[in-house]
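Just below is one structure, and these are the notes that go with it.
Residue numbers (the numbering used here), protein chains in the order written: chain X, 6 to 332; chain Z, 6 to 332.
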C-alpha cells in the first residue's frame with residue numbers, strides 16, 4: 006500500500022506519518038511506501054522500513070497534483086493548508102492553497118481515467134460553522150463559515166462529496182475540533198490559550214488565560230486527530246453513505262473544568278502558573294466560536310475521542326513530556 | 006442605475022428584464038442602462054427607453070467577466086448556468102459554467118480596487134439540499150447536494166457570502182423553488198410534469214402525470230421568481246446579516262391538490278386531459294427531492310410567493326394565456 010500525505014511537515018502530518026510507520030499497515034494492508042509532501046521538507050518517520058519519498062512542493066502549482074497522483078497512492082491524506090489567520094490576511098493565498106489544492110488533487114484523480122479509485126481523507130475543520138449556534142451543533146446544522154478559511158474548507162467538503170458521489174474516489178471529510186494540547190511554543194492564534202494553559206504550566210512556565218473560566222469549548226488530542234484520520238480511511242462507501250463529511254467528537258468542557266483537570270493531575274503549584282489577564286479582542290473572537298459539537302454520526306461510525314479532559318492532560322504528559330511534569 | 010443580467014435569454018432572465026423595463030427603476034433609482042448577456046442573443050425588453058447592451062458571451066472564458074464588470078453595473082443579477090441534467094451529464098461543463106462564472110465575476114469585482122461595491126443577486130436553487138429531509142426544510146438545515154448542479158450552486162453561495170463578508174460587494178443568494186407553471190413546451194426534465202399537468206390541459210393538450218397524486222412539492226410562479234430577485238436586490242447588508250443565502254417561500258401542496266386547483270379554475274373537461282402513466286424512473290428521482298420548504302427567514306425579510314395553487318394557476322392564465330383557457 007502506498008500512502009500520500011500532503012501537509013506532512015505540519016504537526017498532525019508528522020504525527021500521522023509516525024503512527025503509520027509504527028503501525029506498518031493501514032486497513033489491514035502493509036504499507037510499502039509513503040509519499041510525504043509539504044512546503045518545507047517533511048521528516049521521514051523513524052523506524053519505517055518501506056520507501057519514503059519526502060518532497061517539497063507548492064501543491065497548487067500547475068502539474069504538481071498530477072505528479073503526486075501519478076504514483077497512484079492507495080490512500081491520500083490531504084492535510085495541506087494555510088491556517089485561518091493567514092487565509093484571512095491573504096485572501097488570494099488562502100483560496101489558492103486551501104481551495105485550489107484540493108480541486109487539483111481531485112481533478113488529477115478523475116483525469117487518470119484508468120479505474121484508479123483511491124481513498125481520499127480530507128482534514129476539514131469546525132471553522133465551517135458560523136455563529137449563531139444552537140446549544141449543541143448537530144450533524145444537520147448548516148455551514149455558514151465566518152472566515153475565508155472556513156469557506157474554503159466547506160467548499161472542499163462539497164467537492165469531495167461530489168467526486169465521491171460520481172465514483173471518482175472514496176472521500177471522507179474529517180471536521181477536526183480544536184486540537185488540545187497542541188505541542189510546541191505558544192503561538193498568537195486566538196485559540197492558543199486552550200493549549201497554553203495546560204502545556205506551559207506542565208513545563209514549568211507561566212501561561213496567560215485571556216478569557217473567563219466559563220468559556221465552553223470542544224477539544225481532542227493530537228493522538229485522537231490522527232486516530233480520526235486513520236479510522237476515516239477505513240470506513241467503506243456503504244458505511245458513509247452520501248454525507249461523507251463528518252464532525253468529529255471531542256471533550257466538551259469549560260476552561261474552569263480544564264484547569265480543575267490539570268489540578269487533579271499536576272497539583273496546585275502547576276495550576277498557580279496560570280495568570281488571568283482578560284483580553285477583550287480574544288474574548289470577542291472566542292464568543293463567535295462553536296461551543297458544543299454533538300457528533301452523533303461520527304460516534305455511531307466508531308470515531309473515538311477522549312472521555313474527559315483529565316485524559317487529554319494525561320495523554321499530553323505521556324506523548325510529549327515522556328511522563329514527566331515540571332515540579 | 007446600470008443593471009447587468011447574466012443568463013438574460015433564459016426564461017427568468019427574459020421576464021426579469023421585461024419587468025425592470027416596465028418598472029423603469031430599481032430600489033427607487035431610475036434605470037439608465039441594462040447589459041444583458043447570454044450564450045444566445047438576449048432580446049432587448051420592449052418599451053425600455055434606456056440603453057440596452059445585449060451581448061453574446063461565453064461567461065467563464067478568460068476576460069469576459071472583467072469586460073462585463075468594466076461597465077460598473079450597480080446591480081448584477083447572475084442567472085447564467087447550465088441546468089441540473091446537463092451539469093450531471095457533462096461534469097466539466099457544469100463546473101466551468103456554474104462555478105467558474107461566479108468565481109470570475111466575484112474576482113472581477115474584487116480586483117477593481119476602486120471602492121466599486123455592487124449589489125450581487127445570485128440565483129441558487131433548492132438543489133443545494135439532499136435527501137434524507139426533515140418534514141420541512143428549515144433555514145438551518147445543511148446543504149448536502151446530490152447532484153453536481155446542487156454542489157456548484159452551494160459552492161457559489163459560500164463564495165458569495167465570503168466576498169460579502171470581506172466587503173467586496175453586497176451579495177444575496179436566492180434559492181429558487183420549483184418554478185410552476187413554467188411556460189413553453191414540455192421538456193424532459195424530471196420535474197417537468199409539475200408544470201405540464203397545468204399548462205398543457207389549459208392549452209387544450211394532453212399531459213402525462215408520471216407520479217402519484219400524493220407527491221408533495223413546493224412551487225412558485227415565474228412572476229414570484231422575478232419578484233424574489235428584485236426584492237433581494239433591495240435588501241440592505243444589515244437586514245441580511247452574515248447569512249446572505251436564503252431559501253424562498255412557495256406553495257407547498259400535493260399533485261392531487263394542484264389538479265383540484267386546476268379543476269376549480271378550468272373545470273372537469275380541462276382536468277380530463279391529464280393522463281396518469283406511472284414512470285418508475287421519475288417516481289424514483291422525485292422521491293429524493295425536498296418536499297416542504299419552511300422559508301421563515303425569507304418570509305420575515307418580506308419575500309412573497311403565492312398563497313395557494315389556485316393563485317399559481319390564475320397567474321399562469323393571466324401572464325401566459327392572455328386570460329384565455331382552451332375549451
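Glycine included, every Cβ here is placed at the ideal spot set by N, Cα and C.
Nearest CB-CB separation between residue 145/Z and chain X: below the 8 Å threshold.
Taking residue 316/X as reference, the option from 299/X, 263/X and 145/X with the minimal CA-CA separation is 263/X.
Exposure of residue 244/Z is indicated by the presence of fewer than 16 other C-beta atoms within 10 angstroms of its C-beta. Fully enclosed beta strand (DSSP E) runs of no fewer than 3 residues occupy 124-130 of the region 90-172 of chain X, in order along the chain.
Collapsing the DSSP output to three states places residue 250/Z in a strand. In the three-state reduction of the DSSP assignment, residue 206/Z falls in the helix class. For residue 179/X, the closest alpha carbon among the candidates 171/X, 213/X and 239/X is that of 239/X. CA-CA distance, residue 269/Z to residue 190/Z, rounds to 24 Å. Excluding the 5 residues flanking it on each side, residue 233/Z has same chain C-beta neighbours closer than 6 Å at 179, 253 and 308, in chain order. Residue-level contact check: residue 181/X does not touch chain Z, since none of the beta carbons of chain Z fall below 8 Å from its beta carbon. DSSP places residue 307/X in the coil class of the three-state scheme, outside both helix and strand.
In chain order, 158, 159, 161, 162, 178, 179, 180, 181 and 250 place their CB closer than 8 Å to the CB of residue 129/X, counting only its own chain and leaving out the 5 sequence neighbours on each side. Per DSSP, residue 241/X has no beta bridge partner at all.
Within chain X, the residues 163 have their CB atoms less than 8 Å from the CB of residue 159/Z, given in chain order. Between the region 121-141 of chain X and the region 78-92 of chain X, the count of C-beta pairs closer than 8 Å reaches three or more; the two stretches touch. Residue environment analysis places residue 99/Z among the buried positions, since at least 16 neighbouring C-beta atoms fall within 10 angstroms of its C-beta. The beta carbons of residue 203/X and residue 255/X sit about 15 Å from each other, so the pair does not count as a contact at 8 Å. One finds nothing in chain X with a Cβ atom closer than 9 Å to the Cβ of residue 331/Z; even the nearest lies about 43 Å away.
The alpha-carbon of residue 66/X is positioned some 53 Å away from that of residue 320/Z. Residues 111, 115, 174 and 176 of the same chain have their beta carbon placed closer than 7 Å to that of residue 168/X, with the five preceding and five following residues left out of the count. Per DSSP, the unbroken alpha helix (DSSP H) holding residue 268/Z starts and ends at 260-271. Sequence-distant partners of residue 133/Z (beyond 5 residues in either direction) whose C-beta falls short of 6 Å from its own C-beta, in its chain, are 148, 150, 155, 158 and 159.
Residue pairing by DSSP places residue 7/X opposite 38/X in a beta bridge. Using a Cβ-Cβ cut-off of 8 Å, residue 135/Z counts as an interface residue toward chain X, since at least one Cβ of chain X sits closer than that to its own.
Of 224/X, 276/X, 73/X and 90/X, the smallest CA-CA separation from residue 213/X is found for 276/X.
Annotation for residue 295/Z: 131, 134, 138 and 142 place their beta carbon closer than 6 Å to its own, counting only its chain and skipping 5 residues before and after. For residue 247/X, the nearest beta carbon of chain Z is closer than 8 Å to its own beta carbon.
Bounds of the alpha helix (DSSP H) holding residue 320/X are 314-325. DSSP lists 11/X and 127/X as the bridge partner or partners of residue 83/X. Distances from the CA of residue 101/Z to each of 63/Z, 72/Z, 90/Z and 117/Z were compared; the closest alpha carbon is that of 63/Z. Counting along the chain, residue 55/X sits inside no beta strand (DSSP E), nor does DSSP assign it H or E at all. Closest by C-alpha distance to residue 221/Z, out of 260/Z, 39/Z and 192/Z, is 260/Z.
Between residue 324/Z and chain X, the shortest Cβ-Cβ separation is not below 8 Å.
DSSP places residue 74/X inside the alpha helix (DSSP H), whose first and last residues are 69-75. Taking 8 Å as the CB threshold, residue 40/Z stays off the interface with chain X. Taking CB atoms only, residue 129/Z has no neighbour in chain X less than 8 Å away.
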